[in-house]
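These notes are about the structure you will find just below.
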Amino acid sequence: MKNLKNLERLQQLHQRISQENTGAPKELADYMNISERSLYKLMEQLKDLTAPISYNRLTNTYYYDGDFELQVNISVTALSNNEIIQVFGGSYFLKKNTLLQGLCSERFYIS
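Number 111 marks the last residue of the sequence shown (full-length UniProt numbering); no jumps.
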């Protein structure tokens, strides 16, 4: 869930920067309900994705100094046990069973 929240915040920040409607860093952080430090971390993540972020002191807004587009697509699918086995080759269940064996028996075996 933490990664999902981070992606949502990146998308929200991107939209504000694209609209050149961010305000000063403190205002933007307050708008997004995050700390200024978290805001700067998000900006670093965008910069790692080659976002050309600049700040205009006259208008007090961040903007993209060049072309940059960010698309965030999130898809969540519930899998059946059989589908999980196909995707993970049974390793999910092996880890789960190994943990239960360790908790429920005096001896701990890994086969």
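Backbone N, C-alpha and C define an ideal beta-carbon position, used for all residues, glycine too. Please read all numbers here as calculations on a predicted model, not as lab measurements.
Cutting at 8 Å between CB atoms, please list the residues of its own chain near residue i, excluding the five before and the five after it.
| i | result |
| --- | --- |
| GLY66 | PRO52 |
| GLN12 | MET32 |
| GLY23 | TYR31, ASN60 and THR61 |
| ASN21 | THR61 |
Here's a check: name, in chain order, each residue in its chain whose Cβ is nearer than 7 Å to the Cβ of residue i, leaving out the five neighbours to either side.
| i | result |
| --- | --- |
| residue 165 | Given that the chain is displayed from residue 1 to residue 111, the structure contains no residue 165 and the question cannot be resolved. |
| GLN45 | LEU10 |
| LEU4 | ILE74 |
| ASN56 | TYR63 |
Give me the DSSP bridge partner(s) of residue i.
| i | result |
| --- | --- |
| SER54 | TYR63 |
Find the nearest neighbour of residue i within the set the options, judged by alpha-carbon distance.
| i | options | result |
| --- | --- | --- |
| GLU69 | GLU27, ASN56 and LYS47 | LYS47 |
| GLN79 | PHE88, THR50 and GLU8 | According to the sequence as given, residue 79 is Leu; it is not Gln. Residue PHE88 is the option with its Cα nearest to LEU79. |
| ASN6 | LEU58, THR50, ASN81 and VAL72 | VAL72 |
Segment contact flag, the region 14 to 29 with the region 57 to 76, C-beta cutoff 8 Å, min 3 pairs: yes
Go through the region 8 to 41 residue by residue and report every complete run of the beta strand (DSSP E) that reaches 3 residues or more, in order. If only complete runs of 3 or more residues are kept, the region 8 to 41 shows no beta strand (DSSP E) anywhere.
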